[in-house]
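Residue numbers for the sequence shown follow this note's numbering, so the first one is 7 and each next one is one higher. By construction, the Cβ of each residue, glycine as well, lies at the ideal position given by its N, Cα and C atoms. Here's the structure we're looking at; comments come further down.
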Amino acid sequence: MMTFQEIIESIEELPAEDQEQLFELIRKRRIESRRAEIAANAQNVFQAVEAGTAKRGSFEEMKAYLLSDEDE
């Protein structure tokens, strides 16, 4: 396996146009990965709402809930 430094050096050896294409490809893949993560989180929220385990309230109520001591 290549080290991180070896990967950087390999990229630096590429022509500028290839580097730009690589950076664009990586950017798009990161966007798609983030979208998939957001979709999975949304699915978890929907399941929690259906199960009745989701907490509801205003921002201030949720903030207070999250910051409250569990012993209270």
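Is residue i helix, strand or coil by DSSP?
| i | result |
| --- | --- |
| Lys61 | coil |
| Ser16 | helix |
| Met84 | With the chain running from 7 to 78 in the structure shown, residue 84 is simply not present. |
| Asp24 | helix |
Determine the contact status of residue i and residue j, defining contact as a CB-CB distance below 8 Å.
| i | j | result |
| --- | --- | --- |
| Ile13 | Leu28 | no |
My assumption, with CB atoms under 8 Å, is that residue i sits in contact with residue j. Please give the rounded CB distance.
| i | j | result |
| --- | --- | --- |
| Ala54 | Ala45 | Not a contact, Cβ separation roughly 15 Å. |
For residue i, verify whether its CB is less than 7 Å away from any heavy atom of the ligand GTP.
| i | result |
| --- | --- |
| Leu31 | The model depicted lacks the ligand GTP and carries no ligand whatsoever. |
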